Structure formats: C-alpha cells, structure tokens
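Protein chains in written order, with my numbering: chain X, 5 to 251; chain W, 5 to 251.
Read through the structure below, which is laid out as structure tokens, and then see the notes.
Protein chains: 2
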Amino acid sequence: MAENGSRGGRRLSPETIARAALGLLNEGGLDGLTMRELAKRLDVRAATLYWHLRNKRELLDAMAALMFEEAVAGVEGPRRGEDWQEWAAALATRLRRTMLRYRDGARVFAGTSVGGPTTFRVIELILRTLQDAGYAPERAARLFPVLLHYTVGFTIEEQARQGLDYPEGESPYEPDRARDAVDPGRFPLVAGVLGELFDGDADAGFARGLRVVLAGLAAELPEAAELPELPEGARPDDASVRGRPAT
Amino acid sequence: MAENGSRGGRRLSPETIARAALGLLNEGGLDGLTMRELAKRLDVRAATLYWHLRNKRELLDAMAALMFEEAVAGVEGPRRGEDWQEWAAALATRLRRTMLRYRDGARVFAGTSVGGPTTFRVIELILRTLQDAGYAPERAARLFPVLLHYTVGFTIEEQARQGLDYPEGESPYEPDRARDAVDPGRFPLVAGVLGELFDGDADAGFARGLRVVLAGLAAELPEAAELPELPEGARPDDASVRGRPAT
DNA sequence: GCCGGATACCTAACGCTGTTAGAGAACAAC
DNA sequence: GTTGTTCTCTAACAGCGTTAGGTATCCGGC
C-alpha cells in the first residue's frame, strides 16, 4: 500500500535529492541537514535515500556539484570588448553569490569542486580566456586557482561571521565584543581601524580582494613582466615579486 | 574511588582539552573527533568535558585559537632589511604549516579566527608593518585579509585533496580519474595541462599564489599607483586594476 | 494473462553521537 | 569536622548515519 501520492517510477534521483538538500540547508544549516529530515521533505523514509546515494558524503558532493552548475550555468567566454579581468571577476562573483544563496554553502562547496564535465568546460573556458590574454595555458593553469581559493576562503569566513551557529547574540563576531576586547594602549592601530576590520559591507570587501588578486595575476603576465620600455627597477614591486617567500 | 592516577586539582582546562583534541584530530580526522574518544584520551568520562566547555562548538573554537597561537608564537615585526612582502609571506606560510600539522586543520580553523589578544597582537603587527611600508592603516586593514582568505582557501582544498575522507583509492582527486574524465576533443586546453592542474607540489603552488596576492597588494600601494615617472598607460594593468568587477 | 526479475521503497534495528540531570567524590577554608 | 565549591561520575535521552531484509510496483517475455 504505497501512500505515495505520485506514480512509482523515476521520482527520486541523486540530483533531485541534492536539490532538496540544498533547500533544507537554508533552514537549519549544515547541522540541520539530516538524512531523516531530508527524506521527510521528499515524502520518503531515510533508508530510501541510500538506494540513490552511497552515503552522506556523496550527498554533499552532489550538492557541491549542483551549486557549481548553478553558478556557471550559461557562462560563456568574455563578451566582445570585455576585459579578461572583468570576466574573471564576474565568474568569481557568480560563484560567491551561489554559495551565499545557501546557508553554509561555502563550507559545503569547499574542497569538493573537481569532477564533472561542467567543471572541465569552465576550466577550458578560463584557460582559453587567459590564453587570449597572453598567458601560456600551463601558466594559466597554475595561476587561476588562486582566484578560486580566495573566493572560497572569503565566503567561508563571511558565512561563519553570519554566525547562525551561535545562540542569539552570542556570536564572537559581534563588533561590540571586539571593541571591548581590544586595549587601545597595547593595540593602537587595531583600535583605530576597528571600523574597517568589522565593516559589514562584505560585497565591497570581496570586490576589493578580487581587485587585489586580479592585479596580482596581471603582474604575472609574461609580457608585463618584461616590458622593454620600462627602465629596470621602475616597477616598485620588482624585486619582491621575484623573491620567493620565506619557508 | 577515583581510579584517577594523578593528583586531583587543576588537571583539565579548556586549553588542555583542546590540545588533546588537536592530537586526536590526527587520528580519525574531524569525524573521529568525538567527545567520548577525547574523554578517553584524557582518562575521564565524556560528561566531564562539559564542566570545562559549554559544547563541542566551543571545543572547536578553542582548538582554532590554539592553532593560531601555535602559528604566530614568537612572531615579531620584519627583521632589519626584511621586505614586508617576505615577512607577510612567512606569516601566511606559518599559518598554513600549522593548519597542515593537523588533519582537517584548515576546516577547523576556517571561520573561527577572531577573538583573543593574540589575534589583536598579530593584527597590530601586520598593520604596523604595512604602515611602515607606506599603507595607511585603514587601507591596510581592508587589504590584508585577502592574504588570510587565500591561505585558508588554499589549505582547505589541499587537505580535502588528501582525501582521507574517502575509502582507499576512491578519492575523486586521483589524477588518473581526471585523466579519464576529460575528453581531449572537447577540452583540448584542459587535456594539455592536466599535469599542471593536478601537480602534487602543493608547497610550490601555495608559494605561487602567495606571490600573486602579494604582487596584487603591492599594486595597491598608493605610491605605486601613481608613480610619476611612468608614462600614462605604461603599466599594462592600468585600466583593468581601476575597473570595478562586474557584479 | 501471467510470470520473473529489476527497481524502488519500506520497517526495524544497530551502534554511535552530543548533551543533560543528578549523585557523589575530592579538596579548601574555617 | 563541617561546609561549600570544584570536579568527576553514572545513567539516560533523543537523534544521528547506516544496514539488513522484506515488500510493493513496474516492465519485458511468453
């Protein structure tokens, strides 16, 4: 006696389930995402999910894949006249926006990226765009991940700051809490820039960091690194860019 | 009848517990870190831990704080003659190294940074160093986090790739798996740089990204941004650095 | 029409988790 | 030696991911 309102066949699939799981994420966050609750939302018992997915880890992977697909759906190469930096910034922003759409989205996404043909399509697109901008593909392949890492790192912290893991008003990220904790005598500079440090405008902060990373990438453009017209040492960051970081 | 081998008094403290928890992390990872197992390691029953810590979340916070302290212990300003970029790179590298010392260390650390006086001491140090390098403190405060975000983002992915969450030989990060998945007809550039994409040398990859970020920061140095000797448009990234990323 | 296998779902249960209540030992102060 | 505080214990709760095994449903072959 299947009380199941709908016809038997192909109702559930890893994708359907992952989609429902992303919905569930926005209530209760990652902690509230349990197989039983997810099953309830799909009008099914928890054990059923294991017919479609090996385990929860696989569910999380599917969710991450879905997020990625959502982020890059319809993305093509730069429009005519569009700078590669604008294009890359838009791509990173799309990814961030998608992660932000889901509570704990960045944590779900982090470290689960590679995989499907969608991934390779986008990487191909990136490599082609950077190649057109003058980067050798090998060079581009070693450089572009920094953009992804920054984006994920930033968004993870942003969502952590939203602090829904903490009970009401106890989040250690409240600006006031910091304002009390920093002694202006010992840490005058910190005290002077508390506003900047805890500024709530995450969008602007992200864009700023993006600009930094993209400027850094631009500085790695081979042509840029050996512009003949520039007198040696004219670029102020010349030595330090070449210098290897201390290990 | 306290079978407890050691004297009664101040044995346990949040710090002791967190330290043991970090040790436990290296066996079993984040999933293996359970209150019961942690208690066992401290010769105590699980409930006891709740006398010292409100809940597991607080334990994780304490662990993150401990990692941060371990990372920046003894850190001072740049040595005489040391470039601010070298100094910053060394700092980021220290943080990464510490996170790598513990399984899932980056995931534990991510989004739990701010808090203690140690944090503010280090931020003060960063601000002072950048100030000496020519950055206004407000500007520095808005810029330096990008370094942290990159470092955390990179290391999270690195540790995810180590793939100890997956059963033997099933990690989706195995290079061979990718080599099979990418069709050289559709994705020629990707196929050509698989070696670079899945290159195992994480240290070099991190250093490369660090160089990029630092170069980007250097490009944001006000003085650098308007070096009078440079003819307008000589720096190839001129326009694009100014351009705001698409939203 | 009916059968057999595959597919999709179920119930029931396992061992484990974080967490709490409340009893009781150990210690310090008087 | 009593009292109060600090710490640890036992016992239990509800909920977790996951598995074994049964059952309904669908579909192609006769």
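Heads up, the beta-carbon is just placed ideally off N, CA and C, and yes, glycines get one too.
Every value quoted in this text rests on a predicted model; they were computed, and no experiment measured them.
query = Using a C-beta cutoff of 8 Å, does threonine 133 of chain W count as contacting chain X?
reply = For threonine 133 of chain W, the answer is no, since every Cβ of chain X falls outside 8 Å of its Cβ.
inquiry  = Just to make sure I have the definition right: I need the residues of chain X whose C-beta is within less than 7 Å of the C-beta of proline 141 of chain W. Which are they?
reply    = Leu193, Gly196, Val197, listed in chain order.
key: Terminal residues of the alpha helix (DSSP H) in which valine 76 of chain X lies   = Run containing valine 76 of chain X: 60-76, per the alpha helix (DSSP H) assignment.
query = Nearest to alanine 77 of chain X by alpha carbon, out of X:Trp88, X:Leu57, X:Arg101?
reply = It is X:Arg101 whose Cα lies nearest to the Cα of alanine 77 of chain X.
key: Where aspartate 108 of chain W falls, given that 16 or more other Cβ within 10 Å makes a residue buried   = Counting Cβ neighbours within 10 Å, aspartate 108 of chain W comes out buried, since at least 16 surround it.
ask   = With a CB to CB cut of under 6 Å and the five nearest residues on each side skipped, what residues in its chain are close to leucine 46 of chain X?
value = Non-local C-beta neighbours of leucine 46 of chain X in its own chain, meaning closer than 6 Å and more than five positions away in sequence, comprise Ala24, ordered along the chain.
query = DSSP on valine 252 of chain X, reduced to helix/strand/coil?
reply = Absent from the model: residue 252 of chain X. The displayed extent of chain X is 5 to 251, so no value can be given.
request  = Please decide whether valine 3 of chain X counts as near chain W, where near means a Cβ-Cβ distance under 8 Å.
outcome  = Given that chain X is displayed from residue 5 to residue 251, the structure contains no residue 3 of chain X and the question cannot be resolved.
key: Proximal residues, the region 146-166 of chain W versus chain X, C-beta separation under 8 Å   = Within the region 146-166 of chain W, the qualifying residues are Arg146, Leu147, Pro149, Val150, Leu152, His153, Tyr154, Thr155, Val156, Gly157, Phe158, Ile160, Glu161, Gln163, Ala164, Arg165.
message = Suppose you measure from the CA of valine 112 of chain X to the CA of glycine 85 of chain W; what does that come to, to the nearest Å?
response = Using only the alpha carbons, I get a separation of about 43 Å.
task = Give a yes or no on contact between the region 184-193 of chain W and the region 180-196 of chain X, applying the rule of three or more CB pairs nearer than 8 Å.
result = Using a Cβ-Cβ distance cut-off of 8 Å, the region 184-193 of chain W and the region 180-196 of chain X are not in contact, since fewer than three pairs of beta carbons, one from each stretch, lie closer than that value.
ask   = Would you call the region 88-96 of chain W and the region 48-61 of chain W touching, i.e. three or more CB-CB distances under 8 Å?
value = No, the region 88-96 of chain W is not in contact with the region 48-61 of chain W.
Beta-carbon contacts of phenylalanine 148 of chain W that lie in its chain and below 6 Å, excluding the five residues immediately before and after = In the same chain as phenylalanine 148 of chain W, and ignoring 5 residues on each side of it, the C-beta atoms closer than 6 Å to its own belong to Ile130, in chain order.
task = Would you please verify whether the beta carbon of leucine 70 of chain X is less than 8 Å from any beta carbon of chain W?
result = No, no contact with chain W.
task = Output, in chain order, the set of chain X residues within a Cβ distance shorter than 7 Å of arginine 84 of chain W.
result = Identification of chain X residues near arginine 84 of chain W by a Cβ-Cβ cut-off of 7 Å yields none; the smallest Cβ-Cβ distance measures about 15 Å.
inquiry  = For the alpha helix (DSSP H) containing phenylalanine 322 of chain X, name the first residue and the last one.
reply    = Limits of chain X in this structure are 5 at one end and 251 at the other, which puts residue 322 of chain X out of reach.
ask   = Is any heavy atom of the ligand MN found at a distance shorter than 7 Å from the C-beta of glutamate 19 of chain X?
value = Questions concerning the ligand MN fall outside what the structure shown contains, since it holds no ligand whatsoever.
ask   = Leaving out the 5 sequence neighbours to the left and right, which residues in its chain are closer than 7 Å to glutamine 135 of chain W when beta-carbon positions are compared?
value = Only Pro141, Ala144 meet the Cβ criterion.
key: Beta-carbon neighbours of valine 186 of chain X, restricted to chain W and to distances below 7 Å   = In chain order: Phe124.
Enclosing alpha helix (DSSP H) for alanine 114 of chain W [first to last residue] = For alanine 114 of chain W, there is no enclosing alpha helix (DSSP H), since its DSSP letter is neither H nor E.
ask   = What residues in its chain sit with their C-beta under 7 Å from that of glycine 81 of chain X, if we drop five residues either side in the sequence?
value = Around glycine 81 of chain X: Leu129, Arg132, Thr133.
Alpha carbon of leucine 26 of chain X to alpha carbon of tyrosine 106 of chain X, nearest angstrom = Each residue's alpha carbon lies about 7 Å from the other.
message = Any beta carbon of chain X sitting closer than 8 Å to that of arginine 212 of chain W?
response = At least one chain X Cβ lies under 8 Å of arginine 212 of chain W.
query = Roughly how many angstroms lie between the CA atoms of leucine 63 of chain X and aspartate 35 of chain W, to the nearest whole one?
reply = Each residue's Cα considered, the two are about 16 Å apart.
query = For the alpha helix (DSSP H) that glutamate 178 of chain X lies in, which residues bound it at each end?
reply = Segment: none, glutamate 178 of chain X is in no alpha helix (DSSP H) and carries neither H nor E.
Pair within 8 Å by beta-carbon distance, leucine 99 of chain W and threonine 155 of chain W = Cβ distance < 8 Å, so leucine 99 of chain W and threonine 155 of chain W count as in contact.
CB contact check: isoleucine 127 of chain X to chain W, cutoff 8 Å = The beta carbon of isoleucine 127 of chain X falls within 8 Å of a beta carbon belonging to chain W, placing the residue at that interface.
query = What is the DSSP secondary structure of aspartate 108 of chain X, reduced to helix, strand or coil?
reply = Reduced to three states, the DSSP call for aspartate 108 of chain X is coil.
query = Looking at the C-beta of leucine 34 of chain W, does it have a partner C-beta in chain X at a distance below 8 Å?
reply = Not closer than 8 Å to any Cβ of chain X, the Cβ of leucine 34 of chain W fails to qualify, so no.
message = Taking the alpha-carbon of glutamate 114 of chain W as reference, which of W:Gly157, W:Leu201, W:Val48, W:Leu28 has the nearest alpha-carbon?
response = For the record, residue 114 of chain W in the displayed sequence is alanine; it is not glutamate. Nearest option by C-alpha distance: W:Gly157.
key: Range of the contiguous alpha helix (DSSP H) that encloses leucine 225 of chain W   = DSSP places leucine 225 of chain W outside any alpha helix (DSSP H), giving it a letter other than H or E.
request  = Kindly say whether threonine 102 of chain W, judged by its beta-carbon, lies nearer than 8 Å to any beta-carbon of chain X.
outcome  = For threonine 102 of chain W, the answer is no, since every Cβ of chain X falls outside 8 Å of its Cβ.
message = Looking only at its chain, what residues have a beta carbon closer than 6 Å to the beta carbon of alanine 22 of chain W, apart from the 5 residues adjacent to it on each side?
response = Cβ within range, chain order: Ala66, Met67, Leu70.
ask   = Are the C-beta of leucine 221 of chain W and some C-beta of chain X separated by less than 8 Å?
value = Flagged as an interface residue toward chain X: leucine 221 of chain W, by a C-beta distance shorter than 8 Å.
ask   = Would a C-beta distance cut-off of 8 Å place alanine 96 of chain W and valine 118 of chain X closer than the cut-off?
value = The answer is no: Cβ separation not under 8 Å.
query = When the Cα atoms are used, what is the spatial distance from lysine 44 of chain X to arginine 58 of chain W?
reply = Going by the C-alpha atoms only, they are around 31 Å apart.
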